[in-house]
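See below for the structure under consideration.
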Amino acid sequence: MLQRFFISVAISFVLLSCSSEVEDKDRIVGNNEFSIVIPDYLQESDNVSSDGLIQYFVKEHDCFMYLVVFKDVKSDYDQGFGLINFYEYIANDILNNYLDYGRLTPPTDTIINGISAKQFYINGSLKIYEGDNSVLFHETIFETDSVFYEIRSWCCYIGKNRYLNDMKKIAASFKFK
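Taking my numbering, the leading residue of the sequence shown gets 12, the next gets one more, and so forth.
This is the structure:
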């Protein structure tokens with residue numbers, strides 16, 4: 012009897028573990044060039060950014076999270092413009108155009124699925140947003156021979172404990188096709 016109980020608990024645990032992994036994520040493909048895995052609570056959008064290859068968001072009563080993947084052609088920049096320059100460009104763009112004030116972390120070099128990348132955070136106060144306008148940006152940028160890719164995700168600062176882990180997982184799932 013006790014053995015049957017433990018077996019049923021173990022089977023239930025395995026089934027719940029497997030089903031939650033499948034239900035927690037959807038594979039999203041952007042522009043047939045890359046894939047990322049995002050949580051199923053994010054909804055597709057077409058008005059977060061006109062330049063985004065893919066765009067998703069969730070808005071709750073007290074918080075929000077957004078995700079946009081961008082692609083920039085390297086020929087639009089000066090010769091020799093590399094990943095560190097792109098980091099500076101993106102950081103300055105966010106700090107100067109989206110935030111009243113902000114704090115930037117130095118970039119961290121990392122490898123994601125065999126691709127060299129830089130990751131950094133910016134927290135600050137959005138210029139245009141009603142209510143608590145404190146936000147946290149999680150940025151991951153990649154460089155290929157011809158383009159830069161940027162995974163920009165941001166959330167309300169009070170929601171960082173709720174969303175930051177997912178933001179990191181999204182970036183870590185980036186793969187070229």
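Positions of the beta carbon are idealized from the N, C-alpha and C atoms, including for glycine.
The beta carbons of residue 97 and residue 152 sit closer together than 8 Å. Relative to residue 161, the option among 43, 65, 106 whose CA is nearest is 65. For the 8 Å CB-CB criterion, residue 45 and residue 159 do not form a contact. According to the DSSP assignment, residue 139 belongs to no alpha helix (DSSP H), since it is labelled neither H nor E. A direct Cα-Cα distance of roughly 24 Å separates residue 90 from residue 117. By DSSP's assignment, residue 59 forms no beta bridge with any residue. Residues of the same chain with a CB within less than 8 Å of the CB of residue 110, apart from the 5 flanking positions on each side, are 133, 135, 136, 137, 138, 146 in chain order.
Taking each of 61, 73, 60, 39 in turn and checking the Cα distance to residue 171, the smallest one comes out for 73.
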